[in-house]
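Taking the numbering used here, the leading residue of the sequence shown gets 1003, the next gets one more, and so forth. Built from N, CA and C at the ideal position, the CB exists for glycine as well. Take a look at the structure set out below.
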Amino acid sequence: MLAERLVKAGISSDTVTIAGFLLGLMAGAAIIAGWFLAAIILILLSRLADGLDGAVARLTNSSDFGGYLDIVLDFAFYGVIPLAFVLHNPVDNGLAGAVLLFSFYVNGASFLAYAVIAEKRRLATTIRGEKSFFFTTGLAEAGETLIIFLLFCLFPDWFATLAYLFAALTLYTAISRIVLAAGVFR
């Protein structure tokens, strides 16, 4: 219903995508400043926009560029929050933030590489709904990432411990996807 209201107001899915990313950047700024409650609200609004952009796109003329923009800005958002915690407290959070960002990088590469090869082989799935490209499932996905980001904000002194744990789950997801690819693509 909210997506229909946005369409009626003339707001495009790309505008919703960009607004969601800007809210994510504002959440990062709030984290750096130590305003964790504000960051929680901004993260939730950002992810609401991330969910709405696809709904708006399906009600209008969705484009490949819109799908591309959504993925790029989602990946950027997922980097902003850990980076903000590192900038907030580099001494305590620096190494854990670097490890978490590394795990996101490896997981993102495994995700995108799988999608490219799946497209090349014309594989399809609708497990996650209609998407711009092939989505594989994993242990550390968007929902789990949202939860961990909210936990970071609720318990900022536990960032390092939570980041290491989530990095392990994220790397497990990447390794699982590599094993899946070995079975599907050979």
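Selected residue, minimal CA-CA separation from residue i, among the options
{"i": "Phe-1079", "options": "Ala-1011, Ile-1045, Ile-1150 and Ile-1119", "result": "Ile-1045"}
{"i": "Ser-1014", "options": "Ala-1169, Val-1181, Ser-1064 and Leu-1039", "result": "Ser-1064"}
{"i": "Ser-1112", "options": "Ala-1176, Arg-1049 and Val-1186", "result": "Ala-1176"}
{"i": "Pro-1092", "options": "Leu-1171, Phe-1161 and Ala-1005", "result": "Phe-1161"}
{"i": "Tyr-1107", "options": "Ile-1033, Thr-1172, Asp-1159 and Gly-1022", "result": "Thr-1172"}
{"i": "Gly-1056", "options": "Leu-1125, Asp-1016 and Trp-1037", "result": "Asp-1016"}
{"i": "Leu-1004", "options": "Ile-1180, Leu-1061, Ile-1034 and Ala-1041", "result": "Leu-1061"}
{"i": "Ala-1035", "options": "Gly-1022, Arg-1188, Leu-1097 and Pro-1158", "result": "Pro-1158"}
{"i": "Lys-1168", "options": "Ala-1021, Ala-1144, Val-1018 and Phe-1023", "result": "Position check: residue 1168 holds Phe in this sequence, whereas Lys was assumed. Taking only the C-alpha atoms, the option nearest Phe-1168 is Ala-1144."}
{"i": "Ile-1033", "options": "Ala-1100, Val-1181 and Leu-1089", "result": "Leu-1089"}
{"i": "Tyr-1070", "options": "Leu-1125, Ala-1117, Ser-1178 and Leu-1182", "result": "Ala-1117"}
{"i": "Glu-1121", "options": "Asp-1072, Leu-1054, Lys-1010 and Ala-1183", "result": "Ala-1183"}
{"i": "Leu-1153", "options": "Tyr-1174, Ala-1021, Lys-1010 and Ile-1043", "result": "Ile-1043"}
{"i": "Phe-1038", "options": "Glu-1006, Cys-1155, Ala-1100 and Gly-1053", "result": "Cys-1155"}
{"i": "Leu-1047", "options": "Asp-1066, Tyr-1174 and Phe-1023", "result": "Phe-1023"}
DSSP three-state assignment for residue i, whether helix, strand or coil
{"i": "Gly-1036", "result": "coil"}
{"i": "Met-995", "result": "The chain is shown from 1003 up to 1188; residue 995 falls before or after that span and cannot be answered."}
{"i": "Ser-1178", "result": "helix"}
{"i": "Thr-968", "result": "Outside the modelled stretch of the chain, which goes from 1003 to 1188, sits residue 968, for which no answer is possible."}
{"i": "Arg-1123", "result": "coil"}
{"i": "Gly-1012", "result": "coil"}
{"i": "Arg-1188", "result": "coil"}
{"i": "Asn-1095", "result": "helix"}
{"i": "Leu-1191", "result": "The chain is shown only over 1003 to 1188; residue 1191 falls outside these bounds and no answer can be derived."}
{"i": "Leu-1141", "result": "coil"}
{"i": "Gly-1022", "result": "helix"}
{"i": "Arg-1130", "result": "Only weak support exists for where Arg-1130 lies, its pLDDT of 49 falling under 50; the coordinates are left without a value."}
Contact belief for residue i with residue j at Cβ below 8 Å, rounded distance in angstroms
{"i": "Leu-1025", "j": "Ala-1051", "result": "6 Å"}
{"i": "Ala-1142", "j": "Pro-1084", "result": "About 13 Å separates the two Cβ atoms, so there is no contact after all."}
{"i": "Phe-1104", "j": "Asn-1095", "result": "The Cβ separation is near 14 Å, so there is no contact."}
{"i": "Phe-1187", "j": "Ile-1119", "result": "6 Å"}
{"i": "Thr-1019", "j": "Leu-1075", "result": "6 Å"}
{"i": "Ala-1041", "j": "Ala-1029", "result": "5 Å"}
Where the alpha helix (DSSP H) through residue i begins and ends
{"i": "Phe-1151", "result": "1144-1156"}
Residue-chain proximity (residue i, chain D), Cβ-Cβ < 7 Å
{"i": "Leu-1044", "result": "The structure shown contains no chain D, having only a single protein chain."}
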